[in-house]
Structure formats: C-alpha cells, structure tokens
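Below is one structure; the comments refer to it alone.
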Amino acid sequence: MSGRTAVIAGGGPVGAVTAIMLARQGWKLQVFEQASAPSLVPSRQDNKAYRLNLTSRALNVLKLAQVNIDPIIAKQGKLLEANMYKADGTTMRSVRTPITQDPVCVRAFRDEVALCVINEAKRLHPDAIEFHFNTHIQRVDLDRQTAHVSTGSQVTEVPYDLLVGADGAASAVRSALQQIMPDGYIRRYRHKQVYSMTQVTPSNAEDIPPHAVLQMHIFKKGTVLWDAQSSKDCRVGLTLPREQADAIGQGDTAKIVKLLNESAPSLPGYARKAVLDLVQSKPQFYPIPSWTHLSQLHGPKTVLLGDAAHTMSPVLGQGLNSGMEDVAVFAQCLEQQQGNVDAALPAYNKARLPDIQAIMTVNEVIASFDVGLASQDQDAVHRAWLLGNKLLLGLHMASRTALHKAAPSMFGGPHLMGVAMGNSAYQSLTSAMYMDGIMLAGGLTAAAALVVRMMY
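Note that our numbering has the sequence shown beginning at 2, numbered continuously upward.
Here it is in structure tokens:
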C-alpha cells in the first residue's frame, strides 16, 4: 500500500478526519478545500455560522483518530443545557449534560472543529497529509482517475488511487458520479424556511449562564434560537418562511416585531432584545440545509462521505455526527479488505447505506413537524409516505413513553434520544417505529376479530 495516493475533496471536519484515518493505513493524502483555512470563531458580520452538536457518535470517531479536542471541551463551561419550548412556553424537550473530559456531547462551530482536526492531522501525520486551501476541484475524470484542481487561474491534474468526496452539500465529486449513475440516483427536498444568526453582547452579562446553553423557542411559523457558551460568547438566531425574511430585508419589520413581542413567553428578556435587534438590522437570511438522498455511496475508485453523501436538516443535529461515523465505517471496511479499494467500496455501501437511509427518513419526518418541506418537491406518493412515517413516529414516541413510565424496569423509552445523543444505530429507531406499527395493527385486528365473534 505504500505510496498509494488518495485525493480528498473537502478540508472540513469529515475530510480532515478521513485524512488521519487513511494516513494510519499507509496512504498519502492530498486534501483540497475551496475555502480559506478555517478560523477559530466566525466574524461578527457572519449571519450564517451556527454551532453544531458533536455527540457520542462523532466524539468516538475523534477519539479513535486520536484527535485532541480539549480546547473545545474547555469552552463548554462544564455543563451543556439544551431546551426546546412550545409556542405556549411549556418545555417540549430538555437536556442537561455535564461536560467532563470524556463528554457525551459538546457544541462547536464547523470551522472550529475543522481547525482542531486539521492541526491534529498535521501533528500526527506531517509527512503523509497535505492541505491545500483556496483550491477548487474543477472537474473529475473518473476514467483516468484524475482530479483537475484550480488555484486562481492555474489548473493542475492530480492522479489518485482513491477519490474521497467530503466536499459538502454542493459536492463536485457527487456531481461527477451523477453523470454515470442511473435515473433516480439523487433526490432532493427543500425546507420552506430560512435562517439568520448573529453574535451579540448582552448588556446584562450577569444574567447569562456561565456554561453552554442552547434554547429553541417555537412561535407561529418560526423559531428563535439562543446559543451561548458564556456572557462573552452569545449568538441569537431566527428561522422564518422565506416571504417573511424577504419583508424584513425590505424594511417591513412591524409585523414580525409585533409577533416576536407577543410570542415565546419563555424567551429571556436579553434574548428577546437580541432577536428584535437582529430583525431591525435587516440581516441576510440563508436556506436551512435540506435533504439530498443518494441510492449509492460510491463509484469507480470513489467514495462519498458526510454531506456529500447525505445532506439533511440540522433539526436532529446529526449532519456532522453521521458524517464522522461514515469515516469510521469506511476506514474499517478498507482495513478489513487490506487496502483493496475495489472490494472496500461495495462493502462500505452495504454496511452504511441502510443506516443512512434510516436517519434520512427520521430527520425528514421530524423536520416536517417543526418547519415543513417545500410543497413543490413533493408528489402525492411522497406526501403519503411522509404522513405514514409521521404517524408511526408519533405512535412510537407515545407508546414507548407510556410503557416506560408505567414499568421503567421492563420497558425502555423512545429510541429517539439514543439516536440523537448517543451512538445507537439509526436503524434501531426506524425498526422500532415499524414494529410498534405492526403490533398496533395486530392488536386492532385481534380486537376487531373478537368484537365480530362476540356479535355473531
């Protein structure tokens, strides 16, 4: 395997961790990232950046890659508190997680994680990994196993033995594969909503908790987000339908200001002031990440990981977590096949695709409760599928919660938290949903048969 070269498109967290995992197996890595080198924190003018959840799923992969994330852990303030509130102010979901040296969840910006992993990659494998920033993969020649990369006006051909697409939702590698795949290879569904975030400096710093806090306050057709790690590190965000965001951009803010003043009764005063200031600043709004479904995760000498393989809504916080898990599964398949790429790729697809399809299903169903999908992307079949899965998920949540409360020693709670915060297989939730549906259908059928028998 010595001397074999992998080209990685994308120098974010997933691409950088992939470089580390492959370098450990003797590969030489060329990592190309079209953006500049990541910064530790976003600028005050950045209305797009938001923190991501790194749960046990991602943290276990970082530990496996021997990546030291102590600087990220130190920022959490020894506690992570996350709360979601209904429109009437009552609590929908609540989590309080102590932050130790071996945490189950931390929050960090994408670039913050990327910078940490890139620095660790350079420390761990200085001779095996090269990062190239401001460098775009312009075209991929799958037949010649060559990537055409451009830096400014200069274009260079880079040969590879393995091409890794970790270049996000607008993946150039995925686009190249799409040209040789059958119809139906890729499906997309969009959110109805857009969002904007901004950094704030509250005047009453003593009211801000000294630890990591995430609050989501739902109101009519939108959500206010409060995301802080201390009084010196606070961000506020707003999600809205596109038409309301456009009105704000045109200076028509009276309706949304009135709505925000009358909504979200549990929203702290400092957060309410911050979101009202955000509205008055007429910020830029961005589409909420939507869904990209693929029927296959690989092609000739090519593998797709992370958002390049499965873009999803941030509603469950599983985008980066599932991407990190992709890396671990692929690295394991490659090692089990002793570096044989042609054998490892289908093995990875077989091992990973069912779990990815499961989380995409759950993610889409949950997001449809909270913010909705764009109707123009859905045909009657998809709407029926979505409704059926919403009913199954609701049944699973209600029945498992009731059984767990009635007999906690006999029945576990809903699988959702194990998926969202732990590292349970994504399929465990969909399997439980379908099993609960079958049991209910069986119970109803038996009851109906008994009634008929009693009548006759």
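For each residue, glycine too, the CB sits at the ideal point set by N, CA and C. Predicted, not measured: the structure shown is a model, and the values here were computed from it.
For methionine 325, the uninterrupted alpha helix (DSSP H) segment begins and ends at 320 to 337. Counted as a single uninterrupted DSSP element, the beta strand (DSSP E) harbouring aspartate 228 occupies residues 223 to 231. Contact between proline 203 and serine 231 is ruled out by a C-beta separation of about 11 Å, above the 8 Å threshold. By the criterion of a C-beta distance shorter than 8 Å, serine 429 is surrounded in its chain by His416, Gly419, Val420, once the five residues flanking it on both sides are discounted.
A direct Cα-to-Cα measurement between isoleucine 187 and valine 141 gives close to 18 Å. Pairwise C-beta distances place the segment 100 to 116 out of contact with the segment 237 to 250, as fewer than three of them are shorter than 8 Å. CA-to-CA, the gap between glutamate 244 and valine 237 works out to about 20 Å. Taking C-alpha positions only, glycine 169 is separated from serine 267 by approximately 36 Å. In the DSSP assignment, lysine 29 falls within the unbroken beta strand (DSSP E) covering 29 to 34. Annotated as proximal: leucine 321 and leucine 53, with beta-carbon spacing under 8 Å.
Where isoleucine 73 is concerned, the enclosing alpha helix (DSSP H) starts and stops at 71 to 75. A Cβ-Cβ distance of about 6 Å is found for the pair leucine 306 and glycine 324, placing them in contact under the 8 Å criterion. Boundaries for serine 425: no beta strand (DSSP E) harbours it, and the DSSP string shows neither H nor E there. With respect to the 8 Å criterion, leucine 163 and alanine 66 are not classified as neighbours on the basis of their beta carbons.
DSSP, reduced to helix, strand and coil, places valine 420 within a helical segment of the structure shown. Valine 156 counts as exposed, since fewer than 16 other beta carbons sit within 10 angstroms of its beta carbon. Residue pairing from DSSP leaves serine 264 without any beta-bridge partner. A Cβ-Cβ separation of about 37 Å leaves threonine 136 out of contact with glycine 423 under the 8 Å criterion. Between isoleucine 289 and valine 366, the gap from beta carbon to beta carbon reaches 8 Å or more. Glycine 223 and glutamate 158 have their C-alpha atoms some 47 Å from each other. Excluding sequence positions up to five before and after alanine 426, its CB lies within less than 7 Å of the CB of Asp356, all in the same chain and listed in chain order. Segment contact: the segment 36 to 49 against the segment 73 to 93, fewer than three CB-CB distances shorter than 8 Å; contact not assigned. Shown here, proline 39 sits in coil according to DSSP, grouped into three states, outside any helix or strand.
Across the structure, asparagine 61 and valine 452 are spaced so that their CA atoms are roughly 52 Å apart. Ranked by Cα distance from arginine 145, the options Thr19, Ser291, Tyr161 are led by Tyr161.
Counting the other CB atoms within 10 Å of its CB gives asparagine 262 a total below 16, which places it among the exposed residues. Spanning the alpha carbons of lysine 256 and serine 264 requires a straight line of approximately 12 Å. One Cα belongs to serine 37, the other to aspartate 89, and the distance between them is close to 43 Å.
With contacts defined as CB atoms closer than 8 Å, aspartate 327 and alanine 352 fail to qualify as a contacting pair.
Counting only runs of 3+ residues, the beta strand (DSSP E) found wholly inside the segment 161 to 219 occupies 163 to 166, 187 to 190, 194 to 201, in chain order. Proximity to alanine 122 across Ala359, Leu295, Thr19, Leu178 peaks at Thr19, based on C-alpha coordinates.
Boundaries of the alpha helix (DSSP H) around alanine 248: 243 to 250.
The beta carbon of leucine 116 lies closer than 8 Å to those of Ala38, Pro39, Ser40, Leu41 in the same chain, with the five residues before and after it left out. When only Cα atoms are considered, serine 314 and tyrosine 190 end up about 10 Å apart.
In the three-state scheme derived from DSSP, where H, G and I count as helix and E and B as strand, threonine 56 is classed as strand. Beta-bridge partners of histidine 299 (DSSP): Val304.
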